[in-house]
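Numbering (the working numbering), first residue to last: 54 to 176. Backbone N, C-alpha and C define an ideal beta-carbon position, used for all residues, glycine too.
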(Lines of atoms letter the chains of each structure in order from A and count residues from 1; the text may use other names and numbers.)
(Lines give C-alpha, C1' and ligand atoms only; values in the text may rest on other atoms or scores of the structure.)
Protein backbone atom coordinates (compact mmCIF):
# COMPACT_ATOMS: atom_id res chain seq x y z
CA UNK A 1 0.00 0.00 0.00
CA UNK A 2 1.50 3.31 -1.15
CA UNK A 3 1.00 6.37 1.03
CA UNK A 4 0.94 9.92 -0.27
CA UNK A 5 4.17 11.26 -1.66
CA UNK A 6 6.18 13.44 0.61
CA UNK A 7 8.35 16.21 -0.77
CA UNK A 8 12.07 15.61 -0.67
CA UNK A 9 14.17 18.46 0.66
CA UNK A 10 17.90 18.60 0.23
CA UNK A 11 19.95 20.48 2.77
CA UNK A 12 22.71 20.57 0.13
CA UNK A 13 20.70 22.79 -2.22
CA UNK A 14 22.66 26.01 -2.80
CA UNK A 15 20.80 27.90 -5.58
CA UNK A 16 17.12 28.86 -5.67
CA UNK A 17 15.38 31.02 -8.25
CA UNK A 18 11.68 31.76 -7.90
CA UNK A 19 10.55 34.62 -10.08
CA UNK A 20 7.20 36.14 -10.98
CA UNK A 21 5.37 34.15 -8.34
CA UNK A 22 3.17 35.15 -5.41
CA UNK A 23 5.63 34.44 -2.61
CA UNK A 24 4.54 35.36 0.91
CA UNK A 25 6.85 36.10 3.83
CA UNK A 26 5.74 32.79 5.35
CA UNK A 27 6.80 30.88 2.24
CA UNK A 28 10.14 32.69 2.18
CA UNK A 29 10.72 31.85 5.85
CA UNK A 30 9.90 28.17 5.19
CA UNK A 31 12.31 28.09 2.24
CA UNK A 32 15.22 29.60 4.15
CA UNK A 33 14.59 27.40 7.21
CA UNK A 34 14.88 24.29 5.02
CA UNK A 35 17.80 25.47 2.91
CA UNK A 36 20.18 27.26 5.25
CA UNK A 37 23.16 26.35 3.04
CA UNK A 38 21.78 28.52 0.26
CA UNK A 39 24.34 30.77 -1.43
CA UNK A 40 22.27 32.11 -4.35
CA UNK A 41 18.72 33.35 -3.76
CA UNK A 42 16.79 34.99 -6.60
CA UNK A 43 13.26 36.29 -5.99
CA UNK A 44 13.22 38.77 -8.88
CA UNK A 45 9.87 40.16 -9.95
CA UNK A 46 7.72 38.32 -7.45
CA UNK A 47 4.27 39.80 -7.15
CA UNK A 48 2.72 41.38 -4.11
CA UNK A 49 1.64 38.77 -1.65
CA UNK A 50 -0.77 38.74 1.24
CA UNK A 51 1.91 40.56 3.22
CA UNK A 52 0.87 43.87 1.69
CA UNK A 53 -0.02 46.25 4.49
CA UNK A 54 1.69 44.04 7.07
CA UNK A 55 5.32 43.92 8.11
CA UNK A 56 6.86 43.31 4.71
CA UNK A 57 10.43 42.80 5.91
CA UNK A 58 9.80 39.51 7.77
CA UNK A 59 10.89 37.32 4.86
CA UNK A 60 14.06 39.32 4.36
CA UNK A 61 14.76 39.29 8.09
CA UNK A 62 14.55 35.47 7.99
CA UNK A 63 17.02 35.47 5.10
CA UNK A 64 19.39 37.69 7.11
CA UNK A 65 18.99 35.53 10.24
CA UNK A 66 19.32 32.10 8.64
CA UNK A 67 21.30 32.33 5.39
CA UNK A 68 24.79 33.12 6.64
CA UNK A 69 26.46 31.57 3.57
CA UNK A 70 24.49 33.76 1.17
CA UNK A 71 26.63 35.24 -1.62
CA UNK A 72 23.96 36.48 -4.04
CA UNK A 73 20.55 37.99 -3.25
CA UNK A 74 18.26 39.36 -5.94
CA UNK A 75 15.02 40.99 -4.82
CA UNK A 76 14.80 43.41 -7.72
CA UNK A 77 11.38 44.46 -8.93
CA UNK A 78 9.62 42.55 -6.19
CA UNK A 79 6.74 44.93 -5.66
CA UNK A 80 6.23 44.41 -1.91
CA UNK A 81 9.97 44.58 -1.17
CA UNK A 82 10.29 47.90 -2.95
CA UNK A 83 9.20 49.30 0.42
CA UNK A 84 11.90 47.60 2.50
CA UNK A 85 13.56 49.67 5.17
CA UNK A 86 17.11 50.68 6.00
CA UNK A 87 16.86 48.51 9.12
CA UNK A 88 16.48 45.36 7.04
CA UNK A 89 19.37 46.30 4.77
CA UNK A 90 21.52 46.87 7.87
CA UNK A 91 20.51 43.41 9.20
CA UNK A 92 21.49 41.84 5.89
CA UNK A 93 24.80 43.73 5.93
CA UNK A 94 25.54 42.60 9.50
CA UNK A 95 24.68 38.91 9.10
CA UNK A 96 25.43 38.10 5.45
CA UNK A 97 29.18 38.54 5.56
CA UNK A 98 29.73 36.44 2.42
CA UNK A 99 27.33 38.53 0.33
CA UNK A 100 28.98 39.63 -2.92
CA UNK A 101 25.96 40.55 -5.07
CA UNK A 102 22.80 42.34 -3.97
CA UNK A 103 20.24 43.53 -6.52
CA UNK A 104 17.82 46.07 -5.07
CA UNK A 105 16.61 47.53 -8.37
CA UNK A 106 13.21 49.13 -7.83
CA UNK A 107 13.75 49.42 -4.07
CA UNK A 108 13.83 53.20 -3.93
CA UNK A 109 13.17 53.70 -0.19
CA UNK A 110 16.65 52.64 0.90
CA UNK A 111 19.00 55.45 1.91
CA UNK A 112 22.57 55.85 0.71
CA UNK A 113 23.55 55.59 4.38
CA UNK A 114 22.15 52.04 4.60
CA UNK A 115 23.81 51.03 1.33
CA UNK A 116 27.14 52.38 2.64
CA UNK A 117 26.94 49.90 5.55
CA UNK A 118 27.09 46.99 3.14
CA UNK A 119 30.38 45.23 2.57
CA UNK A 120 32.42 47.22 0.02
CA UNK A 121 32.91 43.99 -1.98
CA UNK A 122 29.20 43.85 -2.79
CA UNK A 123 28.18 45.01 -6.22
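Counting only the Cα atoms, residue 91 lies some 8 Å from residue 85. Note: residue 125 is bridge-paired with 93, 154 in the DSSP secondary-structure output. Taking C-beta atoms as the reference points, residue 110 and residue 71 fail to come closer than 9 Å.
Shortest Cα-Cα distance from residue 137 to any of 66, 67, 168, 124 involves 168.
Residue burial is scored here from C-beta neighbours: residue 150 has fewer than 16 other C-beta atoms within 10 angstroms and is therefore classed as exposed. Contact check for residue 144 against residue 161 fails: the beta carbons are separated by 9 Å or more. By the CB criterion at 9 Å, residue 156 and residue 116 fall outside the cutoff. In the three-state scheme derived from DSSP, where H, G and I count as helix and E and B as strand, residue 116 is classed as helix.
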